[in-house]
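**Student:** Sequence positions in the sequence shown follow the working numbering and run 1 to 118.
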Amino acid sequence: MARVKGAMMTRKRRNATLKLAKGYWGSKSKHFKMAKQAVMKSGNYAFAGRKMKKRTFRTMWIARLSAAVAPFGMNYSTFMNGVHKSGITMNRKSLSEMAIHDPAAFAAVVEKAKAALN
Numbered sequence: 001m002a003r004v005k006g007a008m009m010t011r012k013r014r015n016a017t018l019k020l021a022k023g024y025w026g027s028k029s030k031h032f033k034m035a036k037q038a039v040m041k042s043g044n045y046a047f048a049g050r051k052m053k054k055r056t057f058r059t060m061w062i063a064r065l066s067a068a069v070a071p072f073g074m075n076y077s078t079f080m081n082g083v084h085k086s087g088i089t090m091n092r093k094s095l096s097e098m099a100i101h102d103p104a105a106f107a108a109v110v111e112k113a114k115a116a117l118n
């Protein structure tokens, strides 16, 4: 039985990794061994970054809502408590967008939340 050589597939795999490492500084974009380590590490950073992105956006929405309800004499936690008690099922993202783009509708939501607390 003939022996199968793996040079073609090995080269293909290595080129795929080197393609992912394109633009990296120095040897990390040229040498397979270093490129493999850099690509693995950058994959880990990308994975963690996708999780962090969600956290930072949520933090931003909360900060926006806190600033938006301050003129109404409320803080963020009492506002959210009132929103939940009044049965409004909007999430923080849509509430913060409403506060920016439609202040009149947001004021109505705040009044509803205040009424639910009393």
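Ideal placement from N, C-alpha and C gives every residue a C-beta, glycine not left out.
Computed from a prediction, not measured in an experiment: that's the story for all the values here.
Tell me which same chain residues have a C-beta within less than 6 Å of the C-beta of A16, skipping the five on either side of it?
**Tutor:** Translated into positions along the sequence shown, residue 16 becomes position 16. The answer is none, since no qualifying residue turns up.
**Student:** Give me, in chain order, the residues of the same chain whose beta-carbon lies closer than 8 Å to that of K114; leave out the 5 immediate sequence neighbours on both sides.
**Tutor:** The residue given as residue 114 occupies position 114 in the sequence shown. Here the set comprises F72, M74, G82.
**Student:** Determine, using beta carbons only, whether Y24 and A46 come nearer to each other than 8 Å.
**Tutor:** Taking the first residue of the sequence shown as 1, we reach residue 24 at position 24. Taking the first residue of the sequence shown as 1, we reach residue 46 at position 46. No, Cβ-Cβ distance for Y24 and A46 is not below 8 Å.
**Student:** Answer yes or no: do A35 and A21 have a C-beta to C-beta separation smaller than 8 Å?
**Tutor:** Numbered from its first residue, the sequence shown carries residue 35 at position 35. Numbered from its first residue, the sequence shown carries residue 21 at position 21. Their beta carbons are under 8 Å apart, which means A35 touches A21 by this criterion.
**Student:** Would you kindly report the start and end of the unbroken alpha helix (DSSP H) that includes S75?
**Tutor:** As a first step, residue 75 must be located in the sequence shown, where it is residue number 75. The displayed chain sequence assigns Asn, not Ser, to residue 75. Element bounds for N75: n/a, residue is neither H nor E.
**Student:** With C-beta atoms as the reference, is S94 less than 8 Å away from L65?
**Tutor:** What you label residue 94 is simply residue 94 of the sequence shown in a count that begins at 1. What you label residue 65 is simply residue 65 of the sequence shown in a count that begins at 1. The answer is no: Cβ separation not under 8 Å.
**Student:** Once DSSP output is grouped into helix, strand and coil, what is the label at M90?
**Tutor:** Counted from its first residue, the sequence shown places residue 90 at position 90. Correct three-state label for M90: coil.
**Student:** Let me know the secondary structure DSSP gives V69 once reduced to three states.
**Tutor:** As a first step, residue 69 must be located in the sequence shown, where it is residue number 69. V69 falls in the helix class under three-state DSSP.
**Student:** Mind reading off the beta-carbon distance from R58 to R92? Whole number of angstroms is fine, and I expect it under 8 Å.
**Tutor:** The residue labelled residue 58 in the question sits at position 58 within the sequence shown. The residue labelled residue 92 in the question sits at position 92 within the sequence shown. So it is a contact: roughly 7 Å between Cβ atoms.
**Student:** Of all the options A63, D102, H101, V109, which has the alpha carbon lying nearest to the alpha carbon of K85?
**Tutor:** For the purposes of this step, residue 85 is taken as residue 85 along the sequence shown, with counting starting at 1. Residue V109 is the option with its Cα nearest to K85.
**Student:** Which residues in the same chain have their Cβ closer than 8 Å to the Cβ of T200, if we skip the five residues on either side of it in sequence?
**Tutor:** Residue 200 is absent from the model: the chain starts at 1 and stops at 118.
**Student:** Going by alpha carbons, who is nearest to P103 out of A67, M80, A116?
**Tutor:** What you label residue 103 is simply residue 103 of the sequence shown in a count that begins at 1. Answer by Cα proximity: A67.
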